[in-house]
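J.: Protein chains in written order, with my numbering: chain U, 1 to 429; chain S, 1001 to 1328.
In this text, a Cβ means the ideal position worked out from N, Cα and C, and glycines have one as well.
As the structure is a computational prediction, the values presented were derived from the model and not from experiment.
1. Could you say if the segment 299-317 of chain U and the segment 108-126 of chain U meet the contact criterion of at least three C-beta pairs nearer than 8 Å?
2. Would residue 284(U) pass as a contact of residue 370(U) if the rule is Cβ separation under 8 Å?
3. If you measure between the beta carbons of residue 324(U) and residue 333(U), is that distance less than 8 Å?
4. Report the option in 1294(S), 1296(S), 1302(S) and 1295(S) whose CA atom is closest to the CA atom of residue 1276(S).
5. Residue 1296(S) versus chain U: which residues are under 9 Å apart at the beta carbon?
6. Taking 8 Å as the cut-off, decide whether the C-beta atoms of residue 216(U) and residue 291(U) are in contact.
7. Tell me where the alpha helix (DSSP H) around residue 399(U) begins and ends.
8. Find the nearest neighbour of residue 1111(S) within the set 1123(S), 1097(S) and 1184(S), judged by alpha-carbon distance.
9. Could you tell me which chain U residues have their CB closer than 8 Å to the CB of residue 1162(S), listed as they occur along the chain?
10. Going along the chain, which residues of its own chain have a beta-carbon closer than 8 Å to the beta-carbon of residue 234(U), five neighbours each way excluded?
11. So if I threshold CB-CB distances at 8 Å, which residues from the segment 172-186 of chain U count as touching chain S?
12. Could you check whether the Cβ of residue 168(U) sits closer than 8 Å to any Cβ belonging to chain S?
13. Does the distance from the C-beta atom of residue 1229(S) to that of residue 1047(S) stay below 8 Å?
14. Of the residues 41(U), 289(U) and 262(U), which one's Cα is nearest the Cα of residue 278(U)?
15. Determine the closest residue to residue 331(U) out of 388(U), 97(U) and 38(U), with distance taken between C-alpha atoms.
16. Counting only Cβ pairs nearer than 7 Å, list the residues of chain U close to residue 1139(S).
17. Can you tell me the Cα-Cα spacing of residue 1172(S) and residue 1014(S), whole angstroms?
18. Buried or exposed: where does residue 258(U) fall if 16 or more other Cβ atoms within 10 Å of its Cβ makes it buried?
19. Going along chain S, which residues have a C-beta under 9 Å from residue 195(U)?
20. When you check each C-beta in the segment 1107-1118 of chain S against every C-beta of chain U, which residues fall closer than 8 Å?
21. Which residues in the same chain as residue 446(U) place their Cβ atom closer than 7 Å to its Cβ, once the five residues preceding and following it in sequence are excluded?
22. In three-state DSSP terms, what is residue 447(U)?
23. From residue 2(U) to residue 18(U), what does the alpha carbon distance come to, in whole angstroms?
24. CB residue 1260(S) to CB residue 1177(S), shorter than 8 Å?
25. Measure the alpha-carbon distance for residue 156(U) versus residue 282(U) and round it to whole angstroms.
26. Any idea what DSSP makes of residue 224(U), helix, strand or coil?
27. Quick one: list the residues of chain U neighbouring residue 1102(S), beta-carbon separation under 7 Å, in chain order.
28. Could you tell me which of 1271(S), 1145(S) and 1286(S) sits nearest to residue 1073(S), measuring between CA atoms?
29. Check each candidate in 198(U), 350(U), 354(U) and 386(U) and name the one with the smallest Cα separation from residue 1294(S).
30. In whole angstroms, what is the alpha-carbon distance linking residue 273(U) and residue 1315(S)?
31. With burial defined as no fewer than 16 other Cβ atoms inside 10 Å of the residue's Cβ, what is the status of residue 1041(S): buried or exposed?
32. What separation, rounded to the nearest whole angstrom, lies between the Cα atoms of residue 221(U) and residue 134(U)?
33. Output the residue ranges of the alpha helix (DSSP H) runs that lie fully inside the segment 53-86 of chain U and measure 4 residues or longer, sorted by chain position.
34. Quick one: what's got a C-beta closer than 8 Å to residue 1103(S)'s C-beta in the same chain, skipping five residues either side?
35. So which residues on chain U does residue 1125(S) lean against when the C-beta distance must stay under 8 Å?
36. Only counting runs of 4 or more residues, tell me where the alpha helix (DSSP H) segments fall wholly within the segment 279-331 of chain U, in order along the chain.
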């Protein structure tokens, strides 16, 4: 095995051939055996393989684009499981964007936010209130519900409103030292949920525990987005934007100041970094991704209620970041995908399988141990194990290393070739 | 409006005192661990919850075997309290050994994450065991100490109404007072207590003074968890129904109490707990009245968190704590 990987290393042609073969085989098996969840998961796995090949970055993006836009929707489209596959892929996309948002706060800036789902809720309610008749209760003008075409503007509005709340929460809280922050954000998450749950009086804004039903689906030029396979492309587009944004932020001046603040606040401050502003930016940007996806979530579910935004959700997103690797963009994407698929597909499938077994009398299996109910146990175990044994996560974060000499003399082109990476030492202690 | 508030005040005081007593003991656990390790022990709320479940399970078991009828109820309760606190105490030591000690030199963020993990793990473990044994994870203990008493506040002045309380409230408050006085004595007057204070002040120097730091930390976790577990039993007896998720929010509020009193300060935590309990009960009873019906009793949790945020912003060292400047 080791020999094989050694041979593959450096041989780009072999890597391409293997990857294409892998994609072909898995997509063919998915095409032929539509009900096979395994084939679908294996097809998704090809993206991870792609990450580990040594192809140029641009080619990787193209291949990933082809697989995500073309291959996956096409090969799964013929069977009865089409919508459920697309549903899974859409939800994965939503969580990836949120996890990337939390990654900025926790991974880059080192601020533990345990109420992150609050921003998601704010985004969802922003669209939910205005795309149902609910807004008519308190808005003196305008005709509600707004049409589905407003969805596209609301993606931006959701983004700004969530960022605004991020700043509003941040201003008082960020003066507090690190570990208090966890408690305060946790409290904030609960406060938002309680407030949404009870804001049906004196003025009915959120419709309380009943939630907002029949949210208008997005619409463009008379074309309505109703099914998961249509939302898949919306999510993909937003996700692309988010990933590009995160990538740019990470290596920019602000990204470097986040890391500096994470490593040592006092040292960072003495280097001229404005602490509060830097932290506020992390909060606002992280929250804004979450708010955008909240809008999409509300439109996709066509139903918003406070039970979707519990503490468990916040912790789930945190688990994604920890599992993937704090501060590492590919890691967090992997972590989010793994956890979401585990949640949606694997746990329910295993539960169904075990129930089947106990129905047939093969084994007697207590209902209480159903894996679908064991989320907290699994997440808790992941958090402990990763904290103790692998705090840098599955794919550790990397920092570019610049060669000082060539920076001083070299031309731009020359410089580009010199950039190598080394592991980010932040969480390895 | 004032008349109505006054009318309900005696009952609010009694209920608030009971709730505050519970907050106070749990806040002790947070404050002791924070004082020594500078770590928010998220799992502490879950230890409290586990204590409640162990206690109720024992009470149900004893009822089943007929012991509860055979011996005086107060004796049974003391037995349950002692056994539960020993079990949860060792649980706390185990958690520290497994999940916190390997991370003592890691960044604080990592330790916090491990603590959250422990807390979730425990919730589900308790849920699983209870559901497996009973078919339902919400547990109702045997009803004990249900005799109602009335304090005739109305005889003092007609603007008060009578306050009612159960025997269990009395037992709760008495046991909490005993626990707090005992702990205060232990920390301030014994050799081990002195070692604990020394470690909290400066771990490295303490270890130079031939104090076994690991042992002291274990002891701290044992005492904090034992007190938390015992409070869990008292909580279950007082309020009847428990579920595996009570610990988290209650723990959060107890932490608020610890912050309110100045974290790391044991007497402060006691005072903070009682204060928070009183404030919360007052809010639950009167928020609707005070805000003209806009905010109802369901906002009492929001109220508690708002207190936390306000204290952290304006007086982060708490009411009885000393301000600490960070050393470079």
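T.: So, to answer that:
1. Three or more beta-carbon pairs separated by less than 8 Å link the segment 299-317 of chain U to the segment 108-126 of chain U, which places the two stretches in contact.
2. Residue 284(U) places its beta carbon 8 Å or farther from that of residue 370(U).
3. With contacts defined by Cβ atoms closer than 8 Å, residue 324(U) and residue 333(U) form a contacting pair.
4. The shortest C-alpha separation from residue 1276(S) is found at 1302(S).
5. Residues of chain U whose Cβ lies closer than 9 Å to the Cβ of residue 1296(S) are, in chain order, 198 and 201.
6. By the CB criterion at 8 Å, residue 216(U) and residue 291(U) fall outside the cutoff.
7. Taken as a continuous stretch (DSSP letters only), residue 399(U) belongs to no alpha helix (DSSP H), being part of the beta strand (DSSP E) at 398-401.
8. Just measuring C-alpha positions, the residue of 1123(S), 1097(S) and 1184(S) sitting nearest residue 1111(S) is 1097(S).
9. Chain U residues near residue 1162(S): none, gap ~31 Å exceeds 8 Å.
10. So the list reads 218, 225 and 296, once near-sequence residues are dropped.
11. From the segment 172-186 of chain U, only 172, 173, 175, 176, 177, 178, 179, 180, 182, 183, 184 and 186 have a Cβ closer than 8 Å to chain S.
12. Residue 168(U) does not count as touching chain S.
13. Result yes, Cβ atoms of residue 1229(S) and residue 1047(S) sit closer than 8 Å.
14. Each of 41(U), 289(U) and 262(U) was checked against the Cα of residue 278(U), and the nearest Cα belongs to 262(U).
15. Ranked by Cα distance from residue 331(U), the options 388(U), 97(U) and 38(U) are led by 97(U).
16. Near residue 1139(S) there are no residues of chain U at all, since even the closest Cβ is about 13 Å away, more than 7 Å.
17. Straight-line Cα distance between these residues: approximately 12 Å.
18. If you draw a 10 Å sphere on the C-beta of residue 258(U), you find 16 or more other C-beta atoms in it, and that means buried.
19. Under the 9 Å cutoff, chain S gives 1299 and 1302.
20. Under the 8 Å Cβ criterion, the segment 1107-1118 of chain S contributes 1107, 1108, 1109, 1110, 1111, 1112, 1113, 1114, 1116, 1117 and 1118.
21. The displayed coordinates of chain U run from 1 to 429. Any statement about residue 446(U) would go beyond what the structure contains.
22. Not covered by the structure: residue 447(U). The range shown for chain U is 1 to 429.
23. Their Cα atoms are separated by approximately 17 Å.
24. The beta carbons of residue 1260(S) and residue 1177(S) sit no closer together than 8 Å.
25. Using only the alpha carbons, I get a separation of about 18 Å.
26. In this structure, residue 224(U) counts as strand in the three-state DSSP scheme.
27. For residue 1102(S), the chain U residues whose Cβ falls inside 7 Å of its Cβ are 388, in order along the chain.
28. Closest option to residue 1073(S), Cα to Cα, is 1145(S).
29. Residue 198(U) is the option with its Cα nearest to residue 1294(S).
30. For residue 273(U) and residue 1315(S), the gap between their C-alpha atoms comes out near 25 Å.
31. When all chains shown are included, residue 1041(S) counts as buried.
32. Just so you know, the alpha carbons of residue 221(U) and residue 134(U) end up roughly 25 Å apart.
33. Unbroken alpha helix (DSSP H) stretches of 4 residues or longer found wholly inside the segment 53-86 of chain U: 57-65 and 72-75, given in chain order.
34. Excluding residues within five positions, the ones whose Cβ falls inside 8 Å are 1110, 1111 and 1114.
35. Result: 377.
36. If one requires a minimum length of 4 residues, the alpha helix (DSSP H) runs lying completely within the segment 279-331 of chain U are 311-324, in chain order.
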